[in-house]
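Peer 1: Handing you a structure now.
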Amino acid sequence: MKRIESIDVARGFNIILMIIFNYSVTLAYFGVLPTTSNYLYWFVFPRLIAGAFIFLSGMAAFASYSSNSVSFSERYFTRGLRLTVFALLITAFTYVFVPERAILFGILHFFALTSFIVPFFIKYERLNMALGLLLIISGAYISQLESPDPSLLWLGLPPAGMSTFDYFPLLPWLGVLLLGVYPGKFLLNTASSIHFGSRAAGLAGLLGASGKHSLLIYLIHQPVLVLVLLAAGYRFG
Numbered sequence: 010m011k012r013i014e015s016i017d018v019a020r021g022f023n024i025i026l027m028i029i030f031n032y033s034v035t036l037a038y039f040g041v042l043p044t045t046s047n048y049l050y051w052f053v054f055p056r057l058i059a060g061a062f063i064f065l066s067g068m069a070a071f072a073s074y075s076s077n078s079v080s081f082s083e084r085y086f087t088r089g090l091r092l093t094v095f096a097l098l099i100t101a102f103t104y105v106f107v108p109e110r111a112i113l114f115g116i117l118h119f120f121a122l123t124s125f126i127v128p129f130f131i132k133y134e135r136l137n138m139a140l141g142l143l144l145i146i147s148g149a150y151i152s153q154l155e156s157p158d159p160s161l162l163w164l165g166l167p168p169a170g171m172s173t174f175d176y177f178p179l180l181p182w183l184g185v186l187l188l189g190v191y192p193g194k195f196l197l198n199t200a201s202s203i204h205f206g207s208r209a210a211g212l213a214g215l216l217g218a219s220g221k222h223s224l225l226i227y228l229i230h231q232p233v234l235v236l237v238l239l240a241a242g243y244r245f246g
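In my numbering, each number is its position in the sequence shown, counted from 1, plus 9.
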């Protein structure tokens with residue numbers, strides 16, 4: 010599939026914002042930075058970053074489907090298997106080293122699961138818009154609830170008292186993904202026509218490269234910082 014530069018640039022920009030936030034969480038955990046109660050930064054900011062990234066992933070899914078609809082399901086099934094392996098590794102790592110805040114269903118788990126789900130919805134147009142809105146509304150409602158059964162946390166019903174570094178359940182975030190799929194055919198033409206001038210070419214190239222390799226960056230950015238902190242004498246817990 011031919012990549013769309015502006016989508017990669019937008020992803021790259023989101024990756025940088027994600028690194029800034031995740032590093033601040035890690036530095037606060039190790040006591041390097043003070044923990045504040047700034048609601049906009051600690052609650053709203055990460056959800057805006059993730060929402061934009063998930064929406065762009067919906068657009069990218071539609072672009073992939075448009076380029077080769079025949080093999081789309083197979084490609085996304087393979088993608089889902091690969092992401093599942095990485096997601097389980099993250100769960101295992103956090104469960105061993107920070108069990109009190111282990112990542113049981115983070116954004117990588119979300120993308121792994123939706124890789125198996127999206128092929129069933131990708132061909133529907135207005136239905137994705139309606140379903141996406143419905144899932145977001147449903148997710149906003151059930152996020153106020155707690156479940157005695159921890160096996161439902163992937164859906165959006167976490168057990169009481171759950172604490173985790175990363176949590177992106179199917180509801181409402183699948184709705185955001187489907188909202189990205191629906192306008193994909195309209196926005197992709199616009200995105201494809203965006204070209205960056207010579208003054209912005211260097212920055213666009215850097216951001217675009219980050220967007221292309223967003224999975225790799227996501228996987229290594231935290232271990233790099235943690236290893237530096239451990240080498241500097243900081244310890245878990």
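The beta-carbon is built from N, C-alpha and C at its ideal position, and this holds for glycine as well.
Where does F114 sit, in a helix, a strand or coil, going by DSSP?
Peer 2: In this structure, F114 counts as strand in the three-state DSSP scheme.
Peer 1: Just tell me which of G141, W163, V107, G148 has its CA closest to the CA of L122.
Peer 2: Out of G141, W163, V107, G148, W163 has the C-alpha closest to the C-alpha of L122.
Peer 1: Let me confirm a value: Y227 is counted as buried when at least 16 other C-beta atoms fall within 10 Å, else exposed. Which label applies?
Peer 2: It is buried - the Cβ of Y227 has at least 16 other Cβ atoms within 10 Å.
Peer 1: Exposed or buried, what is N137 when buried is set at 16 or more other beta-carbons lying within 10 Å of its beta-carbon?
Peer 2: With 16 or more Cβ atoms within 10 Å of its Cβ, N137 is classed as buried.
Peer 1: Measuring CB to CB, does G60 end up less than 8 Å from V185?
Peer 2: Result yes, Cβ atoms of G60 and V185 sit closer than 8 Å.
Peer 1: Apart from the five residues just before and just after I145, which ones in its own chain have a Cβ nearer than 7 Å to its Cβ?
Peer 2: If we look at I145 and ignore the five residues flanking it on each side, its Cβ neighbours are P181, G184, V185.
Peer 1: Going residue by residue through the stretch 77-161, where are the continuous alpha helix (DSSP H) segments of at least 4 residues, counting only ones entirely within it?
Peer 2: 81-106, 116-126, 135-151, all fully within the stretch 77-161.
Peer 1: Would you kindly work out how many angstroms separate the C-alpha atoms of T44 and F114, rounded to a whole number?
Peer 2: In a straight line, the C-alpha of T44 is about 24 Å away from that of F114.
Peer 1: Given a threshold of 16 other Cβ atoms within 10 Å of its Cβ, counted over all protein chains shown, does Y191 qualify as buried or as exposed?
Peer 2: Result: buried.
Peer 1: Grab me the residues of A111's own chain with a C-beta within less than 7 Å of its C-beta, minus the 5 sequence neighbours each way, in chain order.
Peer 2: If we look at A111 and ignore the five residues flanking it on each side, its Cβ neighbours are T100, T103, Y104, T173.
Peer 1: Apply the 10 Å Cβ neighbour rule to A241 and answer buried if 16 or more other Cβ atoms are within range, or exposed otherwise.
Peer 2: Flag for A241 reads exposed.
Peer 1: Specify whether the stretch 155-170 and the stretch 209-221 touch according to this definition: at least 3 beta carbon pairs, one from each stretch, less than 8 Å apart.
Peer 2: Result no; under three Cβ-Cβ pairs closer than 8 Å.
Peer 1: What is the rounded straight-line gap between the Cα of V38 and the Cα of Y74?
Peer 2: Residue 38 is actually Tyr in this sequence, not Val. Approximately 41 Å between the Cα atoms of the pair.
Peer 1: So, Y85 versus S124, is the Cβ gap smaller than 8 Å?
Peer 2: In contact: Y85 and S124 (Cβ atoms closer than 8 Å).
Peer 1: Does DSSP classify Y243 as helix, strand or coil?
Peer 2: In the structure shown, Y243 sits in coil (DSSP, three-state: anything other than H, G, I, E or B).
Peer 1: Between which two residues does the alpha helix (DSSP H) containing T5 stretch?
Peer 2: The displayed coordinates of the chain run from 10 to 246. Any statement about residue 5 would go beyond what the structure contains.
Peer 1: Identify every residue that forms a DSSP beta bridge with Y176.
Peer 2: In DSSP, Y176 forms a bridge with F114.
Peer 1: Going by Cα to Cα distance, which pick from N23, S78, G67, L215 is closest to F54?
Peer 2: Considering only alpha carbons, the answer is N23.
Peer 1: Any idea if P108 is buried or exposed, counting beta-carbon neighbours within 10 angstroms, 16 or more meaning buried?
Peer 2: Looking at its Cβ environment, which holds fewer than 16 other Cβ atoms inside 10 Å, P108 is exposed.
Peer 1: Tell whether a beta-carbon distance below 8 Å holds between N31 and H230.
Peer 2: Yes, these two residues count as a Cβ contact at 8 Å.
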